[in-house]
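Protein chains in written order, with the working numbering: chain A, 43 to 790; chain B, 48 to 312.
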């Protein structure tokens with residue numbers, strides 16, 4: 043379980059109280075290049091496992107019926123409820139795949155590891171988690187999750203085998219439940235004391251895993267490197283220097299060398315870090331323990347890539363392509379640029395990488411214009427290794443420079459691949475962002491590139507006294523000529539060597555294609571701006587009327603078909619979610635959505651985890667694609683990102699005939715919030731008959747949130763948030779859903 | 048999906064919401080509920096006599112009750128107009144002694160135990176109700192405000208009563224022309240105004256029925272006292288007249304709870 047503590051933010055933190063995680067670490071490959079040129083994201087395949095189809099409530103019932111002898115009855119309920127709901131949250135997050143190439147690869151490794159333990163093998167399931175966290179963890183239910191981040195970092199199948207063996211050991215030794223029991227019994231123990239217990243379990247899993255690994259015939263030499271993978275897992279999946287020339291697609295494109303750091307950034311990871319408060323021993327301790335065990339063991343096998351070298355590299359490349367995708371979804375654009383650079387060395391023709399690169403520059407432009415660029419790149423204090431140069435460069439450029447630089451990069455991708463529909467759309471969105479950004483002014487850019495402008499400048503201004511031809515060719519300028527020339531950036535007399543960005547776009551600003559799109563969006567922007575100005579000029583009451591009118595029309599989209607994804611309910615009990623009640627309410631929520639759609643004439647296509655047993659893997663993949671799109675939009679909050687799975691979303695439109703997708707969530711909690719008022723009401727007792735009944739009656743808080751996304755536009759087209767002081771009952775929710783659907787179906 | 052909760056709130060939490068009104072489009076609601084209250088202030092005046100199988104028993108007056116009917120029409124998702132018709136039942140303390148006249152002339156006072164008087168008030172009240180911006184009337188929590196007219200009468204029935212002789216030998220005096228009706232029930236009712244605020248919740252249990260409950264705050268004032276509202280000539284209310292007793296009783300009826308059903312049309 044946990045070997046390092048970098049937790050994926052999408053993994054419920056509470057879950058991690060019950061789980062142990064493992065982070066670990068890499069080569070380049072040329073295998074499967076043809077596939078990777080037209081890569082599409084990893085999808086689940088085959089028959090959908092029961093882990094995904096059985097209702098959590100039923101799983102919980104089964105577990106409670108079987109029980110666990112090491113736990114008291116009250117502990118059992120807490121434990122099983124915790125692990126079942128937490129793991130199911132993860133399974134239904136849209137980030138987990140089953141039956142895919144990575145999962146199948148893991149299953150085969152497990153076959154080898156548990157060749158002599160058929161029973162345990164039959165209990166265990168292996169799934170891939172799309173996350174750049176370098177983790178693997180097993181659960182009490184017998185599920186082992188391995189992240190694509192981990193798969194992208196390892197350098198051999200054997201290393202994966204050792205990690206899996208470690209996880210399987212945790213499962214076989216019931217470390218999850220033991221740990222829960224220990225923590226429950228010793229709540230008052232210090233973190234340090236808890237840490238000692240946890241570290242012991244990790245070392246135990248290391249040793250048990252080693253036995254399993256050895257018995258399977260894997261090579262002894264791959265054990266210690268596995269810990270190196272672990273130690274450097276926070277770095278990208280390779281460590282290759284990148285230079286400024288990577289961004290210079292033509293010789294005439296000038297980028298000042300100062301954009302790149304003149305020093306190397308030190309890699310600071312150490313083996314002997316302080317682990318007194320960690321769940322895992324530090325690398326040094328683990329290496330020492332393992333080395334001792336290795337010294338005392340004999341009869342080692344030699345398998346490194348049992349399934350073949352090419353197969354391993356192929357699988358790892360899948361993980362690396364997923365790493366790029368994950369970075370784009372999470373708006374980690376600095377990392378994405380570096381990962382794309384690494385992969386382009388082996389897959390220079392990959393259209394997928396080009397698309398991702400286009401999305402990355404679009405993302406960087408958006409964040410820069412919104413003054414949020416820091417979110418997309420590493421902090422200065424985190425600069426380490428070769429990839430830091432990218433973060434350094436992006437941070438170094440001011441708004442104007444990065445705007446021009448990103449435009450240059452994007453335009454080059456577009457012109458090289460103008461026949462690609464996706465890249466064309468990204469380009470259009472990019473130009474729209476420029477037009478709406480108010481920062482981009484065509485007049486600030488020269489029609490000459492840096493070198494030409496510099497040459498003309500030198501001819502016009504630097505008079506070589508020894509060169510009589512130059513002197514004669516250049517007539518002296520008057521003061522007024524010089525003033526006029528400064529108003530026109532394209533007069534090379536005005537050349538400024540420090541303003542490199544001015545000369546980055548000579549071909550773009552004269553491009554008819556660019557100007558046509560730019561003007562179109564500029565007009566749109568102007569129309570919006572005029573509307574805003576008109577609004578600002580209105581009186582308060584007119585603004586209010588205007589707002590009311592807007593509000594009335596907000597949902598009136600004339601929708602007659604809708605994909606409805608996983609209506610979700612969270613009913614809170616004290617500070618935690620009442621899972622059982624929530625799950626039951628979810629069924630009611632889905633029912634009222636169906637009823638409302640039927641009575642309002644909207645045809646819906648439900649995509650729910652509760653229907654997966656009948657709908658199968660295709661539905662699961664569609665659901666994951668939509669959830670991932672939602673996550674991308676939400677990660678980029680007020681930006682306008684391009685959908686990372688554009689092709690898959692197009693397929694969805696073909697399948698269902700609509701681009702509109704509804705996500706909805708109901709939250710309910712009862713909190714009378716009596717507070718200090720209760721004491722005052724008792725002291726001033728005539729107030730009590732007013733204070734207490736009112737507080738108690740108004741304690742229900744239900745929020746019904748709904749958003750409609752358009753897969754084509756990859757944005758939220760409308761939303762509705764109903765906050766009501768009532769309990770979350772079926773028909774209370776139903777009445778609001780009906781109201782929403784009635785409006786969605788109508789037009790303005 | 049959990050993240051969605053927070054994110055979707057982020058996206059749309061500040062947006063102004065418009066809604067189509069009604070419970071599945073039904074905008075009219077008919078309410079039928081029962082109200083109850085503990086007349087705490089009245090209890091401070093001591094216990095009352097109540098008839099239990101013809102026997103007068105001294106008890107605290109623990110409960111007022113009422114039947115409320117009403118109808119509302121939701122003009123917008125957060126505003127509705129309506130009216131209600133209520134019948135409220137309360138008890139008031141009966142007199143503890145009466146004056147009686149002798150056939151031979153003259154009169155005397157006589158102590159008695161008298162069953163508490165039942166008072167019935169009919170209220171007709173136009174009202175409006177409003178709720179939060181994203182409410183959806185008629186369902187959910189709403190604030191109801193109304194000003195209504197009330198008409199209060201003492202319920203006509205044969206009240207149980209027992210006299211105590213006040214003569215020195217503890218014998219009942221010989222009475223002539225004794226009328227056991229201590230109050231003239233046929234006299235006019237008195238009228239009043241009702242100022243009402245209710246915090247009400249209607250929770251739908253299906254597509255047209257709702258459970259309704261809430262707390263109601265009243266302020267009842269009398270506006271039209273009858274010229275004479277009390278006992279007939281032969282015997283009369285010795286302590287105070289019924290009007291002032293009833294008025295006081297109504298005035299102190301400030302809070303009640305409602306529970307009932309509503310039907311959406």
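Yeah, the Cβ is synthetic: ideal placement off N, Cα and C, and Gly gets one too.
(request) Could you tell me whether the Cβ atoms of residue 301 of chain A and residue 452 of chain A are closer together than 7 Å? (result) Here residue 301 of chain A corresponds to residue number 259 of the first chain, with the count starting at 1. Here residue 452 of chain A corresponds to residue number 410 of the first chain, with the count starting at 1. No.
| When the Cα atoms are used, what is the spatial distance from residue 73 of chain B to residue 591 of chain A? | The count along the second chain starts at 1 and reaches residue 73 of chain B at position 26. The count along the first chain starts at 1 and reaches residue 591 of chain A at position 549. Straight-line Cα distance between these residues: approximately 23 Å.
Cβ of residue 302 of chain B less than 7 Å from any chain A Cβ?
Taking the second chain and counting its residues from 1, the one referred to as residue 302 of chain B is at position 255. Chain A contact via Cβ: present.
Notebook entry, point to check: Are the CB atoms of residue 107 of chain B and residue 94 of chain B nearer to each other than 7 Å?
Noted result: For the purposes of this step, residue 107 of chain B is identified with residue 60 of the second chain, where counting begins at 1. For the purposes of this step, residue 94 of chain B is identified with residue 47 of the second chain, where counting begins at 1. It is a contact, given that the beta carbons lie within the stated cut-off.
Identify, in the order they occur along the chain, each residue of the same chain with its Cβ nearer than 6 Å to the Cβ of residue 678 of chain A, setting aside the five sequence neighbours on each side. Counting from 1 along the first chain, the entry for residue 678 of chain A is found at position 636. Here the set comprises 373.
Review point. Any chance the region 76-96 of chain A sits against the region 631-645 of chain A, with 3 or more Cβ pairs inside 8 Å?
Key: no
**Cβ-based contacts, 8 Å cut-off: residues of the region 83-94 of chain B near chain A** = none
- Message: Taking the straight line between their C-alpha atoms, what separation do you get for residue 538 of chain A and residue 484 of chain A?
- Response: Taking the first chain and counting its residues from 1, one reaches residue 538 of chain A at position 496. Taking the first chain and counting its residues from 1, one reaches residue 484 of chain A at position 442. Straight-line Cα distance between these residues: approximately 17 Å.
Kindly identify the DSSP beta-bridge partner or partners of residue 703 of chain A.
-> As a position in the first chain, residue 703 of chain A is number 661, starting the count at 1. Residue 703 of chain A is bridged to A:605, A:751.
Q. Do residue 673 of chain A and residue 604 of chain A have their CB atoms nearer than 7 Å?
A. Here residue 673 of chain A is taken as the residue at index 631 of the first chain, counted from 1. Here residue 604 of chain A is taken as the residue at index 562 of the first chain, counted from 1. Cβ distance not < 7 Å, so residue 673 of chain A and residue 604 of chain A don't count as in contact.
Using a Cβ-Cβ distance cut-off of 7 Å, determine whether residue 129 of chain A contacts chain B. Position 87 of the first chain, counted from the first residue, corresponds to residue 129 of chain A. Chain B contact via Cβ: absent.
### Task
Report the three-state DSSP secondary structure of residue 169 of chain B (helix, strand or coil).
Here residue 169 of chain B refers to the residue found at position 122 of the second chain. It is a strand residue.
#### Entry: Closest by C-alpha distance to residue 209 of chain B, when choosing among B:79, B:243, B:97, B:309
Position 162 of the second chain, counted from the start, is the residue given in the question as residue 209 of chain B. Nearest of B:79, B:243, B:97, B:309 to residue 209 of chain B, Cα basis: B:97.
(Q) Taking a contact to mean a Cβ-Cβ separation below 7 Å, would you say residue 168 of chain B touches residue 197 of chain B in this structure? (A) Residue mapping note: residue 168 of chain B aligns to position 121 of the second chain, counting from 1. Residue mapping note: residue 197 of chain B aligns to position 150 of the second chain, counting from 1. Taking 7 Å as the Cβ cut-off, residue 168 of chain B and residue 197 of chain B qualify as a contacting pair.
### Message
Please list, in chain order, the chain A residues whose beta carbon lies closer than 8 Å to that of residue 290 of chain B.
### Response
As a working mapping, residue 290 of chain B is identified with position 243 in the second chain. Within 8 Å Cβ-Cβ: nothing; residue 290 of chain B doesn't reach chain A, min ~27 Å.
From what residue to what residue does the beta strand (DSSP E) around residue 94 of chain A run? The count along the first chain starts at 1 and reaches residue 94 of chain A at position 52. Here residue 94 of chain A belongs to no beta strand (DSSP E); instead the alpha helix (DSSP H) covers 92-95.
_DSSP three-state label for residue 193 of chain A, please._
As a position in the first chain, residue 193 of chain A is number 151, starting the count at 1. Helix, per DSSP.
Suppose you measure from the CA of residue 326 of chain A to the CA of residue 275 of chain A; what does that come to, to the nearest Å? On the first chain, residue 326 of chain A is found 284 positions in, with the first residue counted as 1. On the first chain, residue 275 of chain A is found 233 positions in, with the first residue counted as 1. Cα to Cα, the separation comes out at about 15 Å.
### Query
For residue 684 of chain A, which of helix, strand or coil comes out of DSSP?
Along the first chain, one-based indexing puts residue 684 of chain A at 642. In the structure shown, residue 684 of chain A sits in coil (DSSP, three-state: anything other than H, G, I, E or B).
Worksheet item: Got a sec, what are the start and stop residues for the alpha helix (DSSP H) residue 122 of chain A sits in?
Response: To locate residue 122 of chain A, count along the first chain from 1; it is residue 80. Taken as a continuous stretch (DSSP letters only), the alpha helix (DSSP H) holding residue 122 of chain A covers 115-133.
Which class does residue 141 of chain B belong to by DSSP, given the choice of helix, strand or coil? Your numbering for residue 141 of chain B matches position 94 in the second chain. Note: residue 141 of chain B maps to coil in three-state DSSP.
Query raised in the report: Does DSSP put residue 82 of chain B in a helix, a strand or coil?
Result: In the second chain, counting from the first residue as 1, residue 82 of chain B sits at position 35. DSSP places residue 82 of chain B in strand when its eight states are reduced to three.
Checklist line | Partner residues on chain B for residue 776 of chain A, Cβ-Cβ distance less than 9 Å | finding: Taking the first chain and counting its residues from 1, one reaches residue 776 of chain A at position 734. The answer, in chain order, is 70, 71, 251, 254.
**Asked** Just how far apart, CA to CA, sit residue 68 of chain B and residue 395 of chain A?
**Response** As a working mapping, residue 68 of chain B is identified with position 21 in the second chain. As a working mapping, residue 395 of chain A is identified with position 353 in the first chain. Using only the alpha carbons, I get a separation of about 50 Å.
| query | What are the boundary residues of the beta strand (DSSP E) that includes residue 105 of chain B? | reply | As a position in the second chain, residue 105 of chain B is number 58, starting the count at 1. Unbroken beta strand (DSSP E) run through residue 105 of chain B: 102-106.
Worksheet item: Can you tell which of A:263, A:244, A:775, A:120 has the C-alpha that lies nearest to the C-alpha of residue 610 of chain A?
Response: Position 568 of the first chain holds residue 610 of chain A. Of A:263, A:244, A:775, A:120, the residue nearest in Cα terms is A:775.
Cα-Cα separation between residue 464 of chain A and residue 617 of chain A, rounded to whole angstroms: By one-based count along the first chain, residue 464 of chain A stands at place 422. By one-based count along the first chain, residue 617 of chain A stands at place 575. Cα-Cα distance, rounded: 45 Å.
With distances taken from CA atoms, which of A:441, A:258, A:250, A:310 is nearest residue 273 of chain A?
-> As a working mapping, residue 273 of chain A is identified with position 231 in the first chain. Per the Cα distances, A:310.
Check your understanding: Would residue 201 of chain B pass as a contact of residue 166 of chain B if the rule is Cβ separation under 7 Å?
Key -> Taking the second chain and counting its residues from 1, one reaches residue 201 of chain B at position 154. Taking the second chain and counting its residues from 1, one reaches residue 166 of chain B at position 119. Taking 7 Å as the Cβ cut-off, residue 201 of chain B and residue 166 of chain B qualify as a contacting pair.
Exercise. DSSP three-state call for residue 789 of chain A: helix, strand or coil?
Worked result: Walking along the first chain from the start, residue 789 of chain A turns up at place 747. Here residue 789 of chain A sits in strand by DSSP.
#### Entry: Same chain, Cβ closer than 7 Å to residue 443 of chain A, five either side skipped, listed in chain order
In the first chain, the residue the question calls residue 443 of chain A occupies position 401. 543.
* Cβ neighbour criterion (16 or more within 10 Å) applied to residue 180 of chain B -> Locating residue 180 of chain B in the second chain gives position 133, counting from the first residue. Exposed, since its Cβ has fewer than 16 Cβ neighbours within 10 Å.
key: Against chain B: residues of the region 684-705 of chain A by CB proximity under 8 Å   = 705
Note to self: Taking the beta carbon of residue 573 of chain A as the centre, do at least 16 other beta carbons fall within 10 Å, making it buried, or is it exposed?
What the structure shows: As a first step, residue 573 of chain A must be located in the first chain, where it is residue number 531. Residue 573 of chain A comes out exposed.
message: Rounded to whole angstroms, what is the Cα-Cα separation between residue 71 of chain A and residue 201 of chain A?
response: Stepping through the first chain from its first residue, residue 71 of chain A is reached at position 29. Stepping through the first chain from its first residue, residue 201 of chain A is reached at position 159. Any reading at residue 71 of chain A is ruled out, since the residue's pLDDT is 37, under 50, leaving its predicted position unreliable.
Taking only beta-carbon positions, decide if residue 276 of chain B is within less than 7 Å of chain A. Against the second chain, residue 276 of chain B aligns to sequence position 229. With a pLDDT of only 42 at residue 276 of chain B, under the threshold of 50, the placement of this residue in the model should not be trusted; the figure read from the coordinates follows. Judged by the 7 Å Cβ criterion, residue 276 of chain B is not in contact with chain A.
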